[in-house]
Amino acid sequence: MLVEVRIPIRPGGGSAYEKVERRAGDWAVASAGAYLVLDGDTVTDVGIGLAALGADHGCAPDAEEYLRGRDLTAETIAETGRLAAACTSPSADQRGPVVYKRHLADELTQRVLRRAAARAKGKV
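Under the numbering used here, think of the first position of the sequence shown as 101, with each following residue one higher.
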């Protein structure tokens, strides 16, 4: 019987998750998660996951590739959000139109990157 699993936190690593739902406990309209490793302000490793947005394999490889090796600034975070949104193929349904869901992909990606960076720097 497995009783405990311990996974060491990489130095400079941080992660975050956000979702938008119509009411608590409802299926997500959109969600994003990110993990990144910083060396100072430079992103050495990053993973971005998107759910309920029609992203291939639930990730944003173009956004990850863009961010890896760059300094994490307001501008690079904004561009990463735009690239993450471009990786999505959401469908319009009762939870919202396509343009709204793409906006959420962009905004949620930026939010999780900012929070993951703060955690990587020990500020949260």
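Don't be surprised by glycine CBs; every beta carbon is placed ideally from N, CA and C.
The model shown is predicted, which means the values in this text are computed figures rather than measured ones.
**Message:** Checking 9 Å against the spacing of the C-beta atoms, do residue 168 and residue 188 come in under that value?
**Reply:** The answer is no: Cβ separation not under 9 Å.
**Prompt:** Should residue 220 be listed as close to the ligand ATP, given that the test is whether its C-beta is under 8 Å from any heavy atom?
**Reply:** Absence of the ligand ATP is noted for the structure shown, with no ligands found whatsoever.
**Nearest-angstrom Cα separation, counted from residue 193 out to residue 123** = When rounded, the separation of the alpha-carbon atoms in residue 123 and residue 193 is 16 Å.
**Request:** Could you work out which residue in 183, 173 and 185 is closest to residue 214 when comparing CA atoms only?
**Result:** The option with the nearest alpha carbon to residue 214 is 173.
**Message:** Rounded to the nearest angstrom, what separates residue 130 and residue 201 at their Cα positions?
**Reply:** For residue 130 and residue 201, the gap between their C-alpha atoms comes out near 7 Å.
**Contiguous alpha helix (DSSP H) assignments of at least 4 residues, all confined to the segment 145-223** = Qualifying alpha helix (DSSP H) stretches, in chain order: 161-167, 174-186 and 198-220.
**Message:** Pull the bridge partners of residue 118 from the DSSP assignment, please.
**Reply:** Paired residues: 132.
**Message:** Between 114, 221 and 162, which has its C-alpha nearest residue 134's C-alpha?
**Reply:** Check the Cα spacing between residue 134 and each of 114, 221 and 162: the tightest is with 114.
**Asked** Nearest-angstrom Cα distance between residue 117 and residue 211?
**Response** Distance between the alpha carbons of residue 117 and residue 211: 9 Å.
**Request:** Tell me whether the beta-carbon of residue 151 lies closer than 9 Å to the beta-carbon of residue 132.
**Result:** At the C-beta level, residue 151 and residue 132 come within 9 Å of one another.
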